[in-house]
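Below is one structure, written out as structure tokens; the observations come after it.
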Amino acid sequence: MFSLEGRVALITGANTGLGQAIAIALASAGADIACAGTSAPDETAEKVKALGRRFIAIKTDLSSLAPVQNLVDQTVSELGALDILVNNAGTIRRADAVDFTEADWDAVMDVNLKTAFFLCQAAGRHMIAKGQGKIINIASMLSFQGGIRVPSYTASKHGIAGITKLLANEWASKGLNVNAIAPGYMVTNNTAALRADENRNRDILARIPAGRWGEPSDIGGAAIFLASKASDYVNGVVLPVDGGWQAR
Ligand code: NAP
């Protein structure tokens, strides 16, 4: 039920952090991996290949829509299929709302929401033609809450939750499952500034029932679930993997 043997997954931003952990988890369940992003994903490639899976890297900047169709085409031509899309790549800009710039708004919205939607569209067209496919968008606690000093990030993560539900509504009857994972506070580059701030670090930890920040590997099980047959009747959920943060 959880096997991904013979499946091909395209994951954005899998050179590090949560994307790398998702790549390793899906490969451990049997999937071959295409990784799209700006940095060379050498470490991820090594770990995926060590699991006996095929791996390709597609160097691409996701701040524009230019590479979107090629990501689908190259994955299909080099790995023979596209069964799973994980929209993981994301960026964040921190500043008080009164000072927030248009450049910081666009930089985040373009990668986290605009490109993510059009990648869903390109992969979705391919999957609809096959009558099956799994799309997993990476949301956030800020898909549910406001946060502070991250207006474009909050807007993008609320947006990706909404788009996930819209696509589930349109595509569930076509054999596609579109869902999202909402990570809690995880130890990656994305949260380095928060962990370095003694007060924020203490306040965040105090609210996590599990009593610790999440590790990237904590996301793996949810990713396998949403990529596999086990989730065939799961559509449009935004699944928190947060050590209980949402429950408090
Ligand atoms: P990360 O370590 O900073 O990884 C972000 C990834 O996105 C990197 O692979 C990065 O590539 C890629 N990326 C950013 N801008 C890109 C662009 N223009 N083109 C191509 N790739 C780009 O952070 P992370 O925590 O693993 O983040 C992964 C996802 O989880 C993001 O969507 C983030 O919002 C979400 N998330 C994280 C947390 C958390 O606590 N860490 C919580 C909730 C949600 P480069 O390294 O080449 O820049």
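In terms of numbering that gives the first Met the number 0, the sequence shown opens at residue 0 and continues consecutively.
Even glycine gets a Cβ: it sits at the ideal position worked out from N, Cα and C.
Keep in mind it's a predicted model, so treat the numbers as computed, not measured.
Start and end of the beta strand (DSSP E) containing residue i?
i	result
residue 112	Unbroken run through residue 112: none, as it is neither H nor E.
residue 178	175 to 182
residue 40	First-last for residue 40: undefined, no H or E at that position.
residue 86	83 to 86
Using 8 angstroms as the threshold, is the C-beta distance between residue i and residue j below it?
i	j	result
residue 24	residue 223	yes
residue 53	residue 72	no
residue 70	residue 226	no
residue 112	residue 134	no
residue 305	residue 1	One cannot answer for residue 305 here, as it falls past the ends of the chain, which runs 0 to 247.
residue 13	residue 43	yes
residue 143	residue 19	no
residue 64	residue 110	no
residue 11	residue 35	yes
Measure the beta-carbon distance from residue i to residue j and round it to whole angstroms, keeping in mind my assumption that it falls under 8 angstroms.
i	j	result
residue 86	residue 178	At roughly 11 angstroms, the Cβ-Cβ gap does not stay under 8 angstroms, so residue 86 and residue 178 are not in contact.
residue 83	residue 8	4 angstroms
residue 115	residue 159	6 angstroms
residue 130	residue 174	4 angstroms
residue 193	residue 199	5 angstroms
Assuming residue i is part of the alpha helix (DSSP H), what are its boundary residues?
i	result
residue 71	67 to 78
residue 158	150 to 170
residue 221	219 to 226
Return yes when the C-beta of residue i is under 7 angstroms from any heavy atom of the ligand NAP, and no when it is not.
i	result
residue 62	yes
residue 219	no
residue 85	no
residue 36	yes
residue 139	yes
residue 204	no
residue 12	yes
residue 7	no
residue 189	yes
residue 177	no
residue 0	no
residue 81	no
residue 126	no
residue 110	yes
By Cβ distance below 6 angstroms, which residues in the same chain neighbour residue i in space, the five residues on each side in sequence not counted?
i	result
residue 67	117, 118, 121
residue 108	151, 155
residue 238	180, 221
residue 99	150
residue 207	242, 244
Near residue i, which residues of its chain fall below 8 angstroms by C-beta distance, leaving aside the five closest residues on each side in sequence?
i	result
residue 141	149, 152, 153, 156, 157
residue 171	177, 234, 235
Using a Cβ-Cβ cut-off of 7 angstroms (strictly less than) and excluding sequence neighbours within five positions of residue i, which residues of its own chain qualify?
i	result
residue 17	87, 137, 182, 185, 187, 215, 218
residue 47	22, 23, 26, 32, 54
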